[in-house]
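So for the sequence shown, UniProt numbering puts the first residue at 1; every next one is plus one. Quick reminder that beta carbons are idealized off the backbone N, C-alpha and C, glycines included. Since we're looking at a predicted model, the values are computed, not measured.
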Amino acid sequence: MVIFPYFRGLLFEILIRKFYKNFTVTCIINHFIYPFHEAIRYIQFGFLTNVESLFFPFWLLSTFTRFAFYFYISSLLFGTIFKIRQFEYIIPTLATVTVLLGSIPETPTFSIFYLRVALLHTATPIFLLLPFLLWVLAKLKGDVKPEKTKTS
C-alpha cells in the first residue's frame, strides 16, 4: 500500500515537531527574560527592519502608567497605615527609595534567575506556615472567639 509510508512519515514528523515545541518552550524560552522583545527582533517588513522601535513608545507608556499606579497605591497604603491625610506628597520620596533599593543588585534582570531558586526554597515554607502562625498568635491574643451555634 502506497499511502501507509506517507502516514508513517507524517506521524514521525508530528512527533518531531511536538518534541521540538516542548523542548523549545521548556528549555529555551524559560531562560528568556523578555520573550516578546526577543521574538520581535526577527520580524521584518520589507525595508522596515527594526520593528521593535514601533512598539517601544507603547511599551514605555504602559510601563509609566503601571508604575504611576503602583506608586499611588503604595503611597495610599502607607498613608493609611500611618494615618497621613495628604499621602500624595509621599510619592516622590517613595519613588526615590524604590530606585535606590532597586539599584543595589548589580543587574537585577539577570540576577533574578539565581534569586528565583533561592526564593522558591525559602518562601514556600514561609507561605505554608504563615497562616498557621497568624492563627496561633490570634488565639493567644484572644482575637479568635468561638462561634455561637444557632438553634432554631
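For residue i, three-class secondary structure by DSSP
i     : result
Phe7  : helix
Phe82 : coil
Phe19 : helix
Phe64 : helix
For residue j and residue i, the rounded distance between their alpha carbons
i      : j      : result
Tyr72  : Glu147 : 39 angstroms
Ile104 : Ser111 : 11 angstroms
Ala118 : Phe7   : 48 angstroms
Arg41  : Leu48  : 11 angstroms
Val51  : Leu134 : 51 angstroms
Lys21  : Ile14  : 10 angstroms
Phe82  : Phe58  : 36 angstroms
Of the residues the options, the one placed nearest residue i, counting alpha carbons only
i     : options                      : result
Glu88 : Val99, Leu101, Phe69, Gly102 : Phe69
Gln86 : Ser75, Ala95, Thr149, Thr96  : Ser75
Ile90 : Phe55, His121, Leu77         : Leu77
Host alpha helix (DSSP H) of residue i (start-end)
i      : result
Val144 : Segment: none, Val144 is in no alpha helix (DSSP H) and carries neither H nor E.
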